[in-house]
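See below for the structure under consideration.
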Amino acid sequence: MKLVYFAWVRERIGLTEEEVDLPAEVTTVGDLVGWLKSRGPEYEHALAEPRVIRFAVDHVHAQRDRPLAGAREVALFPPMTGG
Amino acid sequence: MKLVYFAWVRERIGLTEEEVDLPAEVTTVGDLVGWLKSRGPEYEHALAEPRVIRFAVDHVHAQRDRPLAGAREVALFPPMTGG
Amino acid sequence: MIPIRVVVQAGPFDVAAEIARLKAAGGAGAIVTFTGVCRDEGGRLQALELEHYPGMAEEEIGRIASEAAGRFELAGLTVIHRYGRFSPGDDIVLVAAASLHRQAAFEAAGFLMDYMKTKAPFWKKERLADASENWVGPRDGDDAALDRWRK
Amino acid sequence: MIPIRVVVQAGPFDVAAEIARLKAAGGAGAIVTFTGVCRDEGGRLQALELEHYPGMAEEEIGRIASEAAGRFELAGLTVIHRYGRFSPGDDIVLVAAASLHRQAAFEAAGFLMDYMKTKAPFWKKERLADASENWVGPRDGDDAALDRWRK
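Top line first, the protein sequences correspond to chains E, L, G and U. Just so you know, we're using our numbering here: the first sequence kicks off at 96 and counts up by one. Just so you know, we're using our numbering here: the second sequence kicks off at 96 and counts up by one. Just so you know, we're using our numbering here: the third sequence kicks off at 89 and counts up by one. Just so you know, we're using our numbering here: the fourth sequence kicks off at 89 and counts up by one.
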C-alpha cells in the first residue's frame with residue numbers, strides 16, 4: 096500500500112510517500128497509526144498527537160475505524176488550512 | 096415647496112416635478128397626499144392606493160406623520176425595485 | 089474610517105478594477121463581490137429601464153454603506169448602481185466588500201443588497217418582447233430579507 | 089446539471105473572465121464571488137507557502153461543489169484554488185456562484201468557503217520577516233462555521 100504525508104506530518108517523518116507491506120493484523124486506519132508509531136522516532140514524533148491527525152483513503156476523507164481492505168493509497172496529514 | 100415624482104406615480108400625474116404653495120392646514124406628508132388627491136383625476140389615480148406610496152423629504156425616507164415644516168423637496172414614488 | 093466608494097452612473101463598471109482598488113487600500117484577506125445582472129425572464133424581456141432619484145440615490149446608498157461599515161469589520165466597501173436602459177446580461181449593480189476575515193465581507197455584501205433592494209430609490213420598468221411594458225413590483229422576499237438584519 | 093468548474097493551479101486567476109464565463113452559460117441574475125487574498129499579518133509575513141494533495145484536492149473540491157449545487161438553486165459554479173508561494177496581496181482562492189436570485193449565490197459561496205477551509209487538502213506555511221517559519225493552525229471559527237450548514 097502507498098502512504099503519503101503532507102505538511103508537518105511529512106516534515107517530521109522525512110518522507111513525502113512510501114510503499115509499505117502491512118502485517119495482517121493492521122486492518123483499519125487506526126491500526127495503521129499504531130503500527131507506524133512503532134517504526135521509529137520520526138513516526139513517533141509525527142503522530143504523537145493522534146487526535147489532530149487527519150486521514151484520507153484513496154482521496155476521500157476517512158475516520159480511524161475505516162477498514163483498509165482494498166485501499167491503494169492512504170494519506171496522513173494535519174488539519175487543513177486552505178481557502 | 097418642490098414636489099418630485101418617480102416611476103408610475105410620475106407617469107400617472109404626468110409631471111416629473113412641480114412647485115406648489117401649500118395651504119396652512121397641510122402640515123405633514125399625510126396631509127400633502129390628501130391635498131394632492133383633491134387636485135384632479137391624475138393625482139387621484141396616482142395616489143389611489145395610499146398604502147403603497149413611499150415618501151422622501153429632502154432625500155431622506157419619511158413616513159406619513161413626518162412634518163413638512165422646513166422641507167424644500169418632497170418626493171412621492173412607488174416601492175423601490177433597485178439592486 | 090474605512091474607504092467607502094459609492095457611485096451612481098449610466099455606464100458600465102469593471103469588477104476587476106474595483107477589486108484591485110479595494111486590495112490597494114490594504115488590510116484585505118477576503119473580498120466578496122455581488123454583481124446584479126439583467127435577467128432575460130425566460131426570453132420575455134427585451135429591455136429593462138432603470139429610473140432613479142438623482143441626489144437621493146447616492147445619499148441613500150451612502151447611508152446604507154455607512155451603516156454596513158459600522159456593523160461589520162470591513163477594510164473597504166464599494167457600491168456602484170447603474171441607471172438607464174439594459175439588455176439581458178448587462179450588469180446593473182455591484183457591491184464589493186473587503187475584510188480581514190471572510191464572514192464580515194459576506195455579511196456586508198448581503199446586508200447592502202438586502203437594503204438596496206427596498207431602500208435605494210431606483211425603479212425598474214420591463215419592456216417585453218410582445219411590446220408591452222410594466223413596472224416591476226417589489227418581491228415578497230425582499231421585505232423578509234430585511235428582517236434578519238433588525239437589531 | 090449546472091456547469092461546475094473546479095481548477096487547482098499554481099498560476100493566477102482572472103475574476104472578470106470567470107464572471108464572464110458564468111454569464112455566458114445563461115440564467116444568471118446574480119453572481120457572487122469570493123476572493124481569498126494573502127494577508128500581510130501586520131507586516132510580519134514575508135511569504136506564504138501552500139502545499140496541496142494533488143488529485144484529492146480537485147476531487148474533494150468537486151465533491152463540495154456538487155453538494156452546493158444540490159443544496160442551492162444555482163446557474164453555475166466555479167472554484168479555483170492556487171498552490172505554491174504567495175506574497176501579501178496575492179490571490180489564493182476564488183469561488184464564483186451564479187443564480188437567478190441573489191440568496192442562492194450568496195449561500196453557495198459561503199458554503200463553499202466554509203467547507204474548503206476545513207475539508208480541502210491544502211496546508212499553509214508562513215515564512216515570517218524574522219526568517220522563522222510555521223505551519224498555520226486551524227482557526228477556531230472554521231469548525232463553528234460548518235455547523236450552520238448541518239442538515
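Using N, Cα and C, we set each Cβ at its ideal position, and we do this for glycine too.
Subject >> Distance between Gly198/G and Phe194/U (C-alpha atoms, nearest Å) >> reply: 7 Å
Original post:
Just by C-beta distance, which residues in the segment 215-230 of chain U are closer than 9 Å to chain G?
Top reply: Arg227, Gly229
**OP:** Would you mind giving the Cβ-Cβ distance between His169/U and Ile152/U, rounded to the nearest angstrom? I have them listed as a contact below 8 Å.
**Re:** In fact, because the Cβ distance is near 11 Å, the residues do not count as touching under 8 Å.
Subject >> Asp116/E - containing beta strand (DSSP E), residue span >> reply: It is not in any beta strand (DSSP E) - Asp116/E carries neither H nor E in the DSSP assignment.
Original post:
How would you label Glu61/E, buried or exposed, when you count the other beta carbons within 10 angstroms and need 16 or more for buried?
Top reply: The structure shown does not extend to residue 61/E, since chain E is modelled only from 96 to 178, so the question has no answer here.
**OP:** Quickly, what does DSSP pair Trp223/U with across the bridge? List them, please.
**Re:** In the DSSP assignment, the residues bridged to Trp223/U are Lys213/U.
Subject >> Where Trp103/E meets chain U, residues with beta-carbon distance less than 7 Å >> reply: Under the 7 Å cutoff, chain U gives Trp223.
Original post:
Helix, strand or coil: how does DSSP classify Leu188/U here?
Top reply: Looking at Leu188/U - three-state DSSP - the assignment turns out to be coil, as it is neither helix nor strand.
**OP:** Would you mind working out which of Met201/G, Ala105/G, Leu162/G sits nearest Ile180/G, comparing C-alpha positions?
**Re:** Met201/G
Subject >> Bridge partners - His140/U, DSSP secondary structure assignment >> reply: His140/U pairs with Phe210/U.
Subject >> Start-to-end residues for the alpha helix (DSSP H) that takes in Ala104/G >> reply: Boundaries of the alpha helix (DSSP H) harbouring Ala104/G: 103-112, taken from the DSSP string.
**OP:** With DSSP as the reference, label Tyr138/L as helix, strand or coil.
**Re:** helix
**OP:** Please report the residue range of the alpha helix (DSSP H) in which Arg127/U lies.
**Re:** Careful: Arg127/U lies outside any alpha helix (DSSP H) and carries neither H nor E.
Original post:
Hey, does Gly109/E have any beta-carbon neighbour from chain U nearer than 8 Å?
Top reply: no
Subject >> Other residues of its chain near Arg236/G: CB distance less than 7 Å, five sequence neighbours each side excluded >> reply: For Arg236/G, where only same-chain residues beyond five positions count, there are no Cβ hits under 7 Å.
Original post:
What separation, rounded to the nearest whole angstrom, lies between the Cα atoms of Asp231/U and Pro173/E?
Top reply: 15 Å
Subject >> Rounded separation between Gly125/E and Arg238/U - CA only >> reply: 26 Å
Subject >> Closer than 7 Å at the beta carbon, the chain G residues around Ala104/U >> reply: Val103, Ala104
**OP:** Given a cut-off of 8 Å, decide if Glu137/U and Arg173/U are closer than it, judged by their beta-carbon atoms.
**Re:** yes
Original post:
In its own chain, which residues sit with a C-beta less than 7 Å from the C-beta of Leu131/L, not counting the 5 before and 5 after it?
Top reply: Tyr138, Leu142
Subject >> C-beta contact flag for Thr122/L and Leu163/L at 8 Å >> reply: yes
Original post:
Does Pro189/L have its Cβ less than 8 Å from a Cβ in chain G?
Top reply: No statement about residue 189/L is possible, as the shown extent of chain L runs from 96 to 178 and does not include it.
Original post:
Helix or strand or just coil, what does DSSP make of Glu147/G?
Top reply: helix
Original post:
If you check the beta carbons only, do Pro226/G and Tyr141/G fall under 8 Å apart?
Top reply: Not a contact, by the Cβ cut-off of 8 Å.
Original post:
Could one say the Cβ of Glu129/U lies closer than 8 Å to chain E's Cβ atoms, at least one of them?
Top reply: no
Original post:
How is Phe199/U classed by DSSP in three states: helix, strand or coil?
Top reply: helix
Original post:
CB Gly164/G to CB Ala233/G, shorter than 8 Å?
Top reply: no
Original post:
Which residues in the same chain have their Cβ closer than 7 Å to the Cβ of Ala219/U, if we skip the five residues on either side of it in sequence?
Top reply: Nothing listed; no residue qualifies.
Subject >> Within chain U, the residues that Arg190/G reaches when beta carbons sit closer than 9 Å >> reply: Phe122, Gly124, Gly198, Met201, Asp202, Lys205, Ala233
**OP:** Indicate whether at least one CB of chain U lies closer than 8 Å to the CB of Ile107/G.
**Re:** yes
**OP:** Leaving aside the five residues before and after Trp211/U along the sequence, list all residues of the same chain whose C-beta is less than 8 Å from its C-beta, in chain order.
**Re:** Leu138, Glu139, His140, Trp223, Val224
Subject >> Cutoff 8 Å: Ala153/G Cβ touching any chain L Cβ >> reply: So, not an interface residue.
Original post:
Got a sec, what are the start and stop residues for the alpha helix (DSSP H) Leu165/U sits in?
Top reply: First-last for Leu165/U: 162-170, but that is the beta strand (DSSP E), not the alpha helix (DSSP H).
Original post:
Nearest to Gly158/G by alpha carbon, out of Gly229/G, Ile92/G, Asp228/G?
Top reply: Ile92/G
**OP:** Check the C-beta distance from Ser187/G over to Ala118/G and give it rounded, since I have them as a contact under 8 Å.
**Re:** 5 Å
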